[in-house]
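Residue numbers (this note's numbering), protein chains in the order written: chain F, 1 to 175; chain V, 176 to 290.
Quick reminder that beta carbons are idealized off the backbone N, C-alpha and C, glycines included.
Presented below is the structure to which this report refers.
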Amino acid sequence: MTFEVSTSTLPTLLLSAAGDAQTKSARTALADPTTSRVSFTLDSTLESVNKIEQTAEQCAQRAGFDEDTIPHIAMAVREAAVNAVLHGNAYDTRKHIMASFETTSDALIIRITDQGPGLDPETLPDPLAPENILRGSGRGIFLIRAFMDEVNFRQLHPGTELTLIKYRTPAQPGS
Amino acid sequence: MSMKVQTRQVDGVTILDLSGRITLGEGSVTIRDSVRDMLTKGQKKILLNLGEITYIDSSGIGELVSAFTTVKNAGGELKLLNLTKKVHDLLQITKLYTVFDIKDDEAAAIASFGK
Numbered sequence: 001m002t003f004e005v006s007t008s009t010l011p012t013l014l015l016s017a018a019g020d021a022q023t024k025s026a027r028t029a030l031a032d033p034t035t036s037r038v039s040f041t042l043d044s045t046l047e048s049v050n051k052i053e054q055t056a057e058q059c060a061q062r063a064g065f066d067e068d069t070i071p072h073i074a075m076a077v078r079e080a081a082v083n084a085v086l087h088g089n090a091y092d093t094r095k096h097i098m099a100s101f102e103t104t105s106d107a108l109i110i111r112i113t114d115q116g117p118g119l120d121p122e123t124l125p126d127p128l129a130p131e132n133i134l135r136g137s138g139r140g141i142f143l144i145r146a147f148m149d150e151v152n153f154r155q156l157h158p159g160t161e162l163t164l165i166k167y168r169t170p171a172q173p174g175s
Numbered sequence: 176m177s178m179k180v181q182t183r184q185v186d187g188v189t190i191l192d193l194s195g196r197i198t199l200g201e202g203s204v205t206i207r208d209s210v211r212d213m214l215t216k217g218q219k220k221i222l223l224n225l226g227e228i229t230y231i232d233s234s235g236i237g238e239l240v241s242a243f244t245t246v247k248n249a250g251g252e253l254k255l256l257n258l259t260k261k262v263h264d265l266l267q268i269t270k271l272y273t274v275f276d277i278k279d280d281e282a283a284a285i286a287s288f289g290k
């Protein structure tokens, strides 16, 4: 059985999620019937983070992930969006974050892009190290890696694109 | 759903009954302000009841850690009560489960604070 995202309803759903969060932002929604890919652009606000998290949850549900995995995907995407808004764009109203959600027969692929100064993931301290365990921050990337199957960083000069991949299992509908 | 806090006193222990989401922004700030307010009032035995917390992100986890160290540095104790499975799992993944004193029973939690 092949899982098919309704390209007529999903973009509407996601546009609704992006909705009225930022009237000044350049929002776009692209629906490619062959890849079931949807993307949009939002302002650098916490409201955008919430919208991206909600969209991730909806996409994960539609992709057939189980009830334990869906919150993990949503949390990983939320953490990526927080990084983009907070650490990447530093709440700069002139900068935007881009989010795309692509459902393939094998995986759910999410890309979150900011317009910030860039991030070298190799320089991030290990939050599990004894000297870091009581730090008040620095666990976002760790949680993303814990909950997703693949996490890739790409430097855009300026900006960072974070790609999160969660593979679908044969037991999930449509695989 | 934004986070809400209700405060009560039991046998010298301040219990903060939290509900909603602890995330970057409102929830984290609410915890920070509540704990600081308690310390300002000289209340250093603090029990955070997380039984009605539906969601917590890395910022929320960080805020719990900061609250723990703030209270400890002030000579007090901060403990956690009634973790949901989601919060429990997050604290295990981040190895914070062994850092916090975590209780499942309120009466036992209250009795565990130093006199």
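Q. Would you report the Cα separation of residue 145 of chain F and residue 186 of chain V, rounded to the nearest angstrom?
A. If you take the alpha carbons of residue 145 of chain F and residue 186 of chain V, they lie about 43 Å apart.
**Q.** Cβ-based neighbour list, residue 106 of chain F, same chain, cut-off 7 Å, excluding 5 preceding and 5 following
**A.** Setting aside the 5 residues that flank it on each side, residue 106 of chain F is surrounded in the same chain by 167 and 168, each with a C-beta closer than 7 Å to its C-beta; the list follows chain order.
**Q.** contact_flag[the stretch 70-88 of chain F, the stretch 51-59 of chain F] where n(CB pairs < 8 Å) is 3 or more
**A.** yes
Q. With a cut-off of 8 Å, does the C-beta of residue 22 of chain F fall near any C-beta of chain V?
A. Residue placement at residue 22 of chain F is flagged as unreliable, the pLDDT there being 40, under the threshold of 50; a coordinate-derived value is accordingly withheld.
Q | Range covered by the alpha helix (DSSP H) that runs through residue 274 of chain V | A | No alpha helix (DSSP H) contains residue 274 of chain V, which DSSP labels as neither H nor E.
Q) Does any C-beta atom of chain F lie closer than 8 Å to the C-beta of residue 179 of chain V? A) no
Q. Residue 79 of chain F CB to nearest chain V CB: under 8 Å?
A. yes
Q: From the DSSP output, read off the bridge partner residues of residue 224 of chain V.
A: V:192 and V:256
Q. Going by other Cβ atoms of all chains shown within 10 Å of its Cβ, with 16 needed for buried, is residue 127 of chain F buried or exposed?
A. buried
Q: Give a yes or no on whether the minimum CB-CB distance between residue 75 of chain F and chain V is below 8 Å.
A: yes
Q) Can you tell me whether DSSP reads residue 183 of chain V as helix, strand or coil? A) strand
Q | Proximity below 8 Å, CB of residue 205 of chain V to CB of residue 228 of chain V | A | no
Q.
Quick check: the Cα distance between residue 239 of chain V and residue 139 of chain F, rounded to an integer number of angstroms?
A. The straight-line gap separating the alpha-carbon atoms of residue 239 of chain V and residue 139 of chain F is approximately 13 Å.
**Q.** Integer Cβ distance of residue 284 of chain V from residue 265 of chain V, believed to fall under 8 Å
**A.** Rounded, the Cβ-Cβ distance is 20 Å, inconsistent with contact.
Q) Using a beta-carbon distance cut-off of less than 8 Å, what residues from the stretch 122-135 of chain F approach chain V? A) 127, 128, 133, 134 and 135
**Q.** Buried or exposed by the 16-neighbour rule on C-beta atoms within 10 Å, applied to residue 177 of chain V
**A.** Classification of residue 177 of chain V: exposed, given that the 10 Å Cβ count is below 16.
Q: Quick one: measure Cβ to Cβ for residue 121 of chain F and residue 153 of chain F, integer angstroms, because I've assumed they're closer than 8 Å.
A: 5 Å
Q: Please say whether residue 87 of chain F and residue 119 of chain F have beta carbons closer to each other than 8 Å?
A: With respect to the 8 Å criterion, residue 119 of chain F and residue 87 of chain F are classified as neighbours on the basis of their beta carbons.
Q.
Please determine whether the Cβ atom of residue 114 of chain F lies at a distance below 7 Å from any heavy atom of the ligand ADP.
A. Ligands are entirely absent from the displayed structure, and the ligand ADP is therefore not among its contents.
**Q.** Status (buried if at least 16 other CB within 10 Å, exposed otherwise) for residue 196 of chain V
**A.** buried
Q: Tell me whether residue 91 of chain F is buried or exposed, calling it buried when 16 or more other Cβ atoms sit within 10 Å of its Cβ.
A: exposed
Q: Flag this pair as yes or no: are the beta carbons of residue 276 of chain V and residue 254 of chain V separated by less than 8 Å?
A: Between residue 276 of chain V and residue 254 of chain V, the C-beta spacing is below 8 Å.
**Q.** First through last residue of the alpha helix (DSSP H) which encompasses residue 211 of chain V
**A.** 201-215
Q. Whose C-alpha, out of V:210, V:230, V:268 and V:216, is nearest the C-alpha of residue 222 of chain V?
A. Checking every option, the nearest Cα to that of residue 222 of chain V belongs to V:210.
Q) Distance, Cα to Cα, residue 27 of chain F vs residue 150 of chain F? A) Note that residue 27 of chain F scores a pLDDT of 37, beneath 50, so its modelled location is shaky; the value from the coordinates is reported in the next line. When rounded, the distance between both Cα atoms is 27 Å.
Q.
Looking at the secondary structure, which residues open and close the alpha helix (DSSP H) in which residue 40 of chain F lies?
A. Note, residue 40 of chain F: premise wrong, no alpha helix (DSSP H); beta strand (DSSP E) at 37-43.
Q: Kindly give me the distance between the Cβ atoms of residue 100 of chain F and residue 38 of chain F, rounded to whole angstroms, as I take these residues to be in contact under 8 Å.
A: 7 Å
(Q) With H, G and I counted as helix, E and B as strand and the rest as coil, what does DSSP make of residue 152 of chain F? (A) strand
(Q) Can you look up residue 108 of chain F in the DSSP assignment and give me helix, strand or coil? (A) Correct three-state label for residue 108 of chain F: strand.
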